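If you're matching positions, the sequence shown starts at 504 in our numbering and goes up one per residue.
A short write-up of the structure that comes next.
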Amino acid sequence: MHVTLDSIRAAAARIEGRIIRTPLLMSKTLSDIIGAEVWVKFENFQFTAAFKERGALNKLLLLTEAERRNGVIAMSAGNHAQGVAYHASRLNIPATIVMPLGTPFTKVEHTRKHGARVVLHGDNLSEATTFAYQLKDREGLTFVHPYDDADVISGQGTIGIEMLEDAPQLETLVVPIGGGGLIGGIAVAARAMKNDIEVVGVQTRMFPSMHAELAGKEPGPLCGGQTIAEGIAVKQAGRLGFEIAKELVRDVLIVDEDDLEQAITLFCNVEKTVAEGAGAAGLAALLAHPQRFSGKKVGIVLCGGNIDSRLLASVLTRALVREKRIVSLRIIGDDRPGLLAVVSKVIGDLGGNILEVAHNRLALDVPAKGAEFDILMETRDSRHTQEIIDALVAAGYPPRTI
Numbered sequence: 504m505h506v507t508l509d510s511i512r513a514a515a516a517r518i519e520g521r522i523i524r525t526p527l528l529m530s531k532t533l534s535d536i537i538g539a540e541v542w543v544k545f546e547n548f549q550f551t552a553a554f555k556e557r558g559a560l561n562k563l564l565l566l567t568e569a570e571r572r573n574g575v576i577a578m579s580a581g582n583h584a585q586g587v588a589y590h591a592s593r594l595n596i597p598a599t600i601v602m603p604l605g606t607p608f609t610k611v612e613h614t615r616k617h618g619a620r621v622v623l624h625g626d627n628l629s630e631a632t633t634f635a636y637q638l639k640d641r642e643g644l645t646f647v648h649p650y651d652d653a654d655v656i657s658g659q660g661t662i663g664i665e666m667l668e669d670a671p672q673l674e675t676l677v678v679p680i681g682g683g684g685l686i687g688g689i690a691v692a693a694r695a696m697k698n699d700i701e702v703v704g705v706q707t708r709m710f711p712s713m714h715a716e717l718a719g720k721e722p723g724p725l726c727g728g729q730t731i732a733e734g735i736a737v738k739q740a741g742r743l744g745f746e747i748a749k750e751l752v753r754d755v756l757i758v759d760e761d762d763l764e765q766a767i768t769l770f771c772n773v774e775k776t777v778a779e780g781a782g783a784a785g786l787a788a789l790l791a792h793p794q795r796f797s798g799k800k801v802g803i804v805l806c807g808g809n810i811d812s813r814l815l816a817s818v819l820t821r822a823l824v825r826e827k828r829i830v831s832l833r834i835i836g837d838d839r840p841g842l843l844a845v846v847s848k849v850i851g852d853l854g855g856n857i858l859e860v861a862h863n864r865l866a867l868d869v870p871a872k873g874a875e876f877d878i879l880m881e882t883r884d885s886r887h888t889q890e891i892i893d894a895l896v897a898a899g900y901p902p903r904t905i
């Protein structure tokens, strides 16, 4: 095995003081929700808001002087790009990052601001990767792979050392899986330090690549779709990570998009911290499979917090809809002056807050002398919503939710 506890300890000494030793904290509220003792490793506290800095920095520090002078190249549309760019700049190493043409502008700009040369090429990660290797050979650069590299994996494994040093009582570690570098490093470190600890992976239902491959299936045809956890949307794990997982990972759990959204919301509302979809996957696994972790001491890795602000706003708003704290009601009544005022008074008297009103007189399923209102309102909770609905029914304007 190319990654060992010794290589991870060496990485820890190498990067010490250059990255943040992030906190590992027990969450009482999350523990109560899950029915387990839940500890969270806040890797979103890194400067670039993701764990990727650890592996990237370890790789860069191991370069020869000639390799440093010539520069490095990486392919990434997200956190790895920023980790390589940031630490390469600090070490005065020229860095080139190849990103697909459709990479969001903010990610491109963040990478450029760290001092890297950004090359946009290809319609997807596969095409960008092929071009990155061509550019590497043409310009004599050193490739810094996001996960299929022993030095990178050793850097990520420093998280496992820190978790068991800070909470040696942990019985289970739950780790998101994309390319397998993070879980590979953590599994090697954790199982060497505490042989009976179990390491559990997490993937999304849209990209169950490691889950499928460990079951002897071809992963590619099973993967695809617009997942909120794009950071772990990998069609095939790296070979090093896969070989480690075969030996050291207990199993890989699958989570749905709803689970990821709920986890992001809980991190925001309970822990007052921001998690991207991939970063919330560990908590999503606990929410989707609570019986699997009941009564155990569980450590999860919040591995990244780089989520688009509009997407975060959408996730939090959708949570309010699920909880029936934002609800849309359709009311059909007589088309007469004052009808909307009557309905608004019923809602207002009970403390509901009307956000939007749409008034439709032309719907063919409404009587010619009738009117249709769609009212979007905000309430305290589902019970409060039902109280308002009951009051509208009693007032002669029975609504239906839409």
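Ideal Cβ positions, reconstructed from N, Cα and C, are used throughout, including at glycine.
Nothing here was measured: the structure is a model prediction, and the numbers come from that model.
Can you pull the DSSP bridge partners for residue i?
{"i": "residue 530", "result": "541"}
{"i": "residue 609", "result": "BP columns for residue 609 are empty, so no partner."}
{"i": "residue 862", "result": "876"}
{"i": "residue 902", "result": "Residue 902 is not bridged to any residue."}
{"i": "residue 623", "result": "602"}
{"i": "residue 553", "result": "807"}
{"i": "residue 646", "result": "576"}
{"i": "residue 831", "result": "879"}
{"i": "residue 707", "result": "758"}
{"i": "residue 679", "result": "705"}
{"i": "residue 802", "result": "542 and 676"}
{"i": "residue 857", "result": "880"}
Could you tell me if residue i is buried or exposed, where buried requires 16 or more neighbouring beta carbons within 10 angstroms of its beta carbon?
{"i": "residue 749", "result": "exposed"}
{"i": "residue 841", "result": "exposed"}
{"i": "residue 712", "result": "buried"}
{"i": "residue 745", "result": "buried"}
{"i": "residue 893", "result": "exposed"}
{"i": "residue 796", "result": "buried"}
{"i": "residue 642", "result": "exposed"}
{"i": "residue 837", "result": "exposed"}
{"i": "residue 720", "result": "exposed"}
{"i": "residue 824", "result": "exposed"}
{"i": "residue 606", "result": "buried"}
{"i": "residue 575", "result": "buried"}
{"i": "residue 545", "result": "buried"}
{"i": "residue 671", "result": "exposed"}
{"i": "residue 820", "result": "exposed"}
{"i": "residue 863", "result": "exposed"}
{"i": "residue 896", "result": "exposed"}
{"i": "residue 858", "result": "exposed"}
{"i": "residue 854", "result": "exposed"}
{"i": "residue 619", "result": "buried"}
State the CB to CB distance for the pair residue i and residue j, rounded to an integer number of angstroms; the pair is presumed to be in contact (CB under 8 Å).
{"i": "residue 482", "j": "residue 740", "result": "The first residue shown for the chain is 504 and the last is 905, placing residue 482 beyond what the model contains."}
{"i": "residue 764", "j": "residue 810", "result": "The Cβ separation is near 11 Å, so there is no contact."}
{"i": "residue 849", "j": "residue 898", "result": "5 Å"}
{"i": "residue 599", "j": "residue 644", "result": "6 Å"}
{"i": "residue 717", "j": "residue 755", "result": "6 Å"}
{"i": "residue 780", "j": "residue 804", "result": "No, residue 780 and residue 804 are not in contact; Cβ-Cβ is about 14 Å, not under 8 Å."}
{"i": "residue 508", "j": "residue 802", "result": "Their Cβ separation, rounded to whole angstroms, is 18 Å, which puts residue 508 and residue 802 out of contact at 8 Å."}
{"i": "residue 522", "j": "residue 571", "result": "With a Cβ gap of about 19 Å, residue 522 and residue 571 do not count as contacting."}
{"i": "residue 590", "j": "residue 559", "result": "6 Å"}
{"i": "residue 552", "j": "residue 807", "result": "6 Å"}
{"i": "residue 660", "j": "residue 691", "result": "6 Å"}
{"i": "residue 592", "j": "residue 617", "result": "5 Å"}
{"i": "residue 725", "j": "residue 736", "result": "In fact, because the Cβ distance is near 12 Å, the residues do not count as touching under 8 Å."}
Comparing C-alpha positions only, which one of the options sits nearest to residue i?
{"i": "residue 846", "options": "828, 874 and 820", "result": "874"}
{"i": "residue 695", "options": "778, 667, 714 and 804", "result": "667"}
{"i": "residue 578", "options": "592, 562 and 603", "result": "603"}
{"i": "residue 757", "options": "705, 627 and 722", "result": "705"}
{"i": "residue 519", "options": "797, 664, 650 and 798", "result": "664"}
{"i": "residue 877", "options": "834, 797, 852 and 620", "result": "834"}
{"i": "residue 646", "options": "593, 601 and 557", "result": "601"}
{"i": "residue 710", "options": "692, 700 and 682", "result": "682"}
{"i": "residue 701", "options": "607, 800 and 762", "result": "800"}
{"i": "residue 648", "options": "725, 703, 580 and 813", "result": "580"}
{"i": "residue 792", "options": "703, 775 and 816", "result": "703"}
{"i": "residue 902", "options": "832, 782 and 715", "result": "832"}
{"i": "residue 677", "options": "904, 512, 817 and 539", "result": "539"}
{"i": "residue 708", "options": "766, 890 and 729", "result": "729"}
{"i": "residue 640", "options": "596, 628, 630 and 573", "result": "573"}
{"i": "residue 609", "options": "582, 776 and 549", "result": "582"}
Below 8 Å, how does it come out for the stretch 644–656 and the stretch 677–697: are there three or more Cβ pairs, yes or no?
Touching, yes, given that three or more Cβ pairs across the two stretches are closer than 8 Å.
For the stretch 814–833 and the stretch 882–893, state whether three or more C-beta atom pairs, one from each stretch, are separated by less than 8 Å.
yes
Can we say the stretch 532–548 touches the stretch 761–780, given the rule of at least three CB pairs closer than 8 Å?
yes
Cβ contact (3+ pairs, closer than 8 Å) linking the stretch 627–637 and the stretch 608–619
no
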